[in-house]
Amino acid sequence: MNQEEILEKLKNIVKPFVNNQEALDNFTESTDFITDLNINSANLVDVILDVEDVFGIQIDNESMEKMIDVKSTLAIIALKLSER
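Letter 23 of the sequence shown, counting from 1, is numbered 39 in the working numbering, and no numbers are missing.
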């Protein structure tokens with residue numbers, strides 16, 4: 017799975033939790049979940065749980081704390097996929 021496919025899947029995962037549609041339309045690696053998409057911390061946990069389900073990976077607490085923006089999240093997903 018390439019970076020573009022992961023990015024598209026991630027965009028679909030966060031879509032139900034986004035409170036800023038314009039920011040979702042401009043979803044890139046530099047998008048921040050909290051400041052750009054207005055996803056609250058409780059919903060961010062839901063996003064991470066959905067990421068685990070969709071990609072079939074386990075995300076530890078240390079990695080979870082780093083998942084504040086798209087770029088960091090993509091890197092963690094790629095790392096976890098390579099460890100499978």
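Even for Gly, the Cβ is constructed at its ideal location relative to N, Cα and C.
- The residue among Ile50, Ser46, Asp66, Val61 with its C-alpha nearest the C-alpha of Asn28 is Asp66.
- For Asn77, the enclosing alpha helix (DSSP H) starts and ends at 77-82.
- If you look at Asn28, you'll find it in the alpha helix (DSSP H) that goes 19-30.
- When the five nearest sequence neighbours on each side are left out, the beta carbons in the same chain lying within less than 6 Å of the beta carbon of Lys96 are those of Ile73, in order along the chain.
- Of the candidates Glu38, Glu45, Ala94, Asp85, the residue whose Cα lies closest to the Cα of Asn56 is Asp85.
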